[in-house]
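This report concerns only the one structure given below.
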Amino acid sequence: MRRAHLSRATFLHTADFHLSRPFGFLPPAIAEERRRDQRKTLARIADLAVERDVDYVLIAGDLFDRTRPDPSDIEAVTSAFIKLHENGKQVFVIPGNHDYYSASSIWSRLHVDGVHIFVGPEYTFETLEETGISIGGIAFNPKDSKRRAFENMEVAPDFFTILLTHASYEVFQGQIEEYHPFSAAELEHVPAVYVALGHYHRFNTIDSGKVKACYPGSPEGLGFDQAETGERYVVIGKVADDGQVEIEPVQINTRLVYSSEIDCTSFESVDTLHERLRNICKQNAIVNVRLTGTPGREILHAIDEIAERFKESCYYLSVDTSGLVSPIEQFSEDRTMLGMFRKYMIDQITKAEDPERQRLLRRALDLGLAAFEKE
0 MRRAHLSRAT FLHTADFHLS RPFGFLPPAI AEERRRDQRK TLARIADLAV
50 ERDVDYVLIA GDLFDRTRPD PSDIEAVTSA FIKLHENGKQ VFVIPGNHDY
100 YSASSIWSRL HVDGVHIFVG PEYTFETLEE TGISIGGIAF NPKDSKRRAF
150 ENMEVAPDFF TILLTHASYE VFQGQIEEYH PFSAAELEHV PAVYVALGHY
200 HRFNTIDSGK VKACYPGSPE GLGFDQAETG ERYVVIGKVA DDGQVEIEPV
250 QINTRLVYSS EIDCTSFESV DTLHERLRNI CKQNAIVNVR LTGTPGREIL
300 HAIDEIAERF KESCYYLSVD TSGLVSPIEQ FSEDRTMLGM FRKYMIDQIT
350 KAEDPERQRL LRRALDLGLA AFEKE
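Quick note on numbering that gives the first Met the number 0: the sequence shown kicks off at 0 and runs consecutively.
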């Protein structure tokens, strides 16, 4: 089919679900709820693909967090794929660095009509006569992960090409990685109209002038670091008759993850801290707050009650106190018995790597100081 006769094609692009993620930074019950959130979001993405009547669904790696995922997640994926097939949507998937292909991996036994899984170490292509689109993909290869992302491909000359690859843009948000890396110059020479990327978890577009590429990011936040917090997206794309590609990010997350830092040094009362927390906590959100600075003793004594006090204000609140400095630490040169006690406890707090142990030691320091004051 010649390009002059192309009709417009549409697609939904997603990546980096990481289904079966352990979520070890959360309490077990909350972690299990996050896994249910992921499955809800997957179902909603299938609904969105049907609602927006896209032609193709592109999944650019790490649909699963490991090569042998939980049965409940396999069932959720199978159900979503069946729904897409029943509604005339073709699905194209590549394995990523977490769910890489092997003879014993999920990709060797997941078979659903209408789903094409690219499992080879070289680019292969599916040409789609009805739209004049050729979709190519390559499986992430853990044995050759430093290989450049766009090596060795031959595209169909009479089709517009869409590529799926799980790869690392060399200058993405200051990160430097060697998982099938590529540069802006290499992207510019890729013989494709769109590159559906996976690997980095925050939404980002790369427009070389000739080729449009995009990381949709993870559909649900997977941690408290910057790449995982805030709104999460999938991408709806359109390929026009002339090969120009337009993309639209669509917010898709079931639950938001936020992270914030509060310097408590200048707070005169615990009410000030509570007011800041009320401004941060949001209903149905998972929130991490890192407290820093040198607070007064009233605030130090109130910290243990924060999570309980605000449990109705958000779905889950995590309070990190490792950045706090007790006011008494400023006087560690005191050589009295009180000073030696302070110094010993501060040394123990400094050596403690676990935030919970640090919290308990700070509490012990406060109780000890209070006892000295009574004498």
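Just so it is clear, CB atoms sit at the ideal spot from N, CA and C, and this is done for glycine as well. Fair warning: this is a prediction, and the values are worked out from it, not measured in the lab.
Same chain, Cβ closer than 8 Å to GLN250, neighbours up to 5 away in sequence not counted: Within the sequence shown, residue 250 is the residue found at index 251, counting from 1. For GLN250, where only same-chain residues beyond five positions count, the Cβ hits under 8 Å are GLU230, ARG231, TYR232.
Buried versus exposed, by CB contacts within 10 Å (16 or more), ASN287: As a first step, residue 287 must be located in the sequence shown, where it is residue number 288. When all chains shown are included, ASN287 counts as buried.
Contact the segment 60-70 vs the segment 255-272: 3+ CB pairs below 8 Å: The answer is no - the segment 255-272 does not touch the segment 60-70, with fewer than three Cβ pairs under 8 Å.
Nearest candidate by alpha-carbon position, reference ASP157, set ILE134, ASP346, VAL53, SER144: In the sequence shown, residue 157 corresponds to position 158, counting from 1. The shortest C-alpha separation from ASP157 is found at ILE134.
In DSSP terms, what GLU245 is bridged to: Numbered from its first residue, the sequence shown carries residue 245 at position 246. Paired residue(s): LYS237.
Residue nearest to LYS237 in terms of C-alpha spacing, selected from TYR193, PHE22, THR123: Along the sequence shown, read from residue 1 onward, the residue named residue 237 stands at position 238. Looking at the Cα atoms, TYR193 is the closest of the given residues.
Secondary structure of TYR343, DSSP reduced to three states: Locating residue 343 in the sequence shown gives position 344, where the first residue counts as 1. Three-state result, TYR343: helix.
Beta-carbon gap between ASN278 and ARG254 smaller than 8 Å: Walking along the sequence shown from the start, residue 278 turns up at place 279. Walking along the sequence shown from the start, residue 254 turns up at place 255. The answer is no: Cβ separation not under 8 Å.
Spatial distance of HIS300 from GLU355 (CA atoms): Start at 1 with the first residue of the sequence shown, and residue 300 comes out as number 301. Start at 1 with the first residue of the sequence shown, and residue 355 comes out as number 356. Going from the Cα of HIS300 to the Cα of GLU355 covers about 15 Å.
Contact belief for GLU223 with SER258 at Cβ below 8 Å, rounded distance in angstroms: The sequence position of residue 223 within the sequence shown is 224, counting from 1. The sequence position of residue 258 within the sequence shown is 259, counting from 1. One point to set straight first is that residue 223 is Phe, not Glu, in the sequence displayed. A Cβ-Cβ separation of about 4 Å places PHE223 in contact with SER258 under the 8 Å criterion.
Residue closest to GLY95, alpha-carbon to alpha-carbon, out of PHE22, GLU74, PHE117, ARG296: For the purposes of this step, residue 95 is taken as residue 96 along the sequence shown, with counting starting at 1. Ranking the options by Cα distance to GLY95, first place goes to PHE117.
Expected contact under 8 Å - CB spacing of GLY119 and ILE137 to nearest Å: Residue numbering aside, residue 119 sits at position 120 when the sequence shown is read from its first letter. Residue numbering aside, residue 137 sits at position 138 when the sequence shown is read from its first letter. Your pair GLY119 and ILE137 checks out as a contact, with CB atoms roughly 7 Å apart and the cut at 8 Å.
Whole-angstrom distance between THR264 and THR293, CA atom to CA atom: Residue mapping note: residue 293 aligns to position 294 of the sequence shown, counting from 1. Residue mapping note: residue 264 aligns to position 265 of the sequence shown, counting from 1. One C-alpha to the other measures close to 5 Å.
Cβ shell of ASP303 (< 8 Å), same chain only, five flanking positions each side left out: The count along the sequence shown starts at 1 and reaches residue 303 at position 304. Closer than 8 Å at the Cβ level, and outside the excluded window around ASP303, lie ARG358, ARG362.
Rounded C-alpha distance that separates ASP410 from GLU219: The first residue shown for the chain is 0 and the last is 374, placing residue 410 beyond what the model contains.
7 Å Cβ shell around GLU227 - same chain, five flanking residues per side excluded: The residue given as residue 227 occupies position 228 in the sequence shown. The residues are HIS200, SER217, GLY220, LEU221, VAL256.
Segment limits, beta strand (DSSP E) that includes VAL211: Indexing the sequence shown from 1 puts residue 211 at position 212. It is Lys, not Val, that sits at residue 211 in the sequence shown. It spans 211-214 - the beta strand (DSSP E) in which LYS211 sits, taken as one unbroken run.
Neighbourhood of LYS88 by C-beta distance below 6 Å, restricted to the same chain and skipping five residues each side: As a first step, residue 88 is located in the sequence shown; it is residue number 89 there, counting from the start. Hits under 6 Å: ALA48, VAL56.
Which residues DSSP lists as bridging ARG289, in chain order: Working through the sequence shown from its first residue, we reach residue 289 at position 290. In the DSSP output, where bridge partners are listed per residue, ARG289 has GLU260, ASP319.
Proximity below 8 Å, CB of LEU360 to CB of ALA351: Taking the first residue of the sequence shown as 1, we reach residue 360 at position 361. Taking the first residue of the sequence shown as 1, we reach residue 351 at position 352. Contact: yes.
Per-residue burial, PRO26 [other beta carbons within 10 Å of its own, 16 or more giving buried]: Within the sequence shown, numbered from 1, the residue matching residue 26 stands at position 27. Classification for PRO26: exposed.
Own chain residues within Cβ distance below 7 Å of MET152, not counting five before or after: Taking the first residue of the sequence shown as 1, we reach residue 152 at position 153. Cβ within range, chain order: TYR122, GLY135.
Start-end ranges of the beta strand (DSSP E) lying completely within the segment 133-218, minimum 3 residues: 159-165, 193-197, 203-206, 211-214
Where the alpha helix (DSSP H) containing PHE80 begins and where it ends: In the sequence shown, the residue the question calls residue 80 occupies position 81. Where PHE80 is concerned, the enclosing alpha helix (DSSP H) stretches over 70-85.
Continuous beta strand (DSSP E) stretch holding HIS12: start and end: For the purposes of this step, residue 12 is taken as the residue at position 13 of the sequence shown. Counting along the chain, the beta strand (DSSP E) containing HIS12 begins and ends at 8-13.
Proximity below 8 Å, CB of ARG146 to CB of PHE181: On the sequence shown, residue 146 is found 147 positions in, with the first residue counted as 1. On the sequence shown, residue 181 is found 182 positions in, with the first residue counted as 1. No, they are not a contact pair.
Assigned exposure category for HIS179 - 16 Cβ within 10 Å defines buried: Taking the sequence shown and counting its residues from 1, one reaches residue 179 at position 180. Buried, since its Cβ has 16 or more Cβ neighbours within 10 Å.
For LEU25: DSSP bridge partner residues: For the purposes of this step, residue 25 is identified with residue 26 of the sequence shown, where counting begins at 1. Its beta-bridge partners do not exist; DSSP assigns none.
Boundaries of the beta strand (DSSP E) in which VAL90 is found, first to last residue: Locating residue 90 in the sequence shown gives position 91, where the first residue counts as 1. Segment 89-93, the beta strand (DSSP E) holding VAL90.
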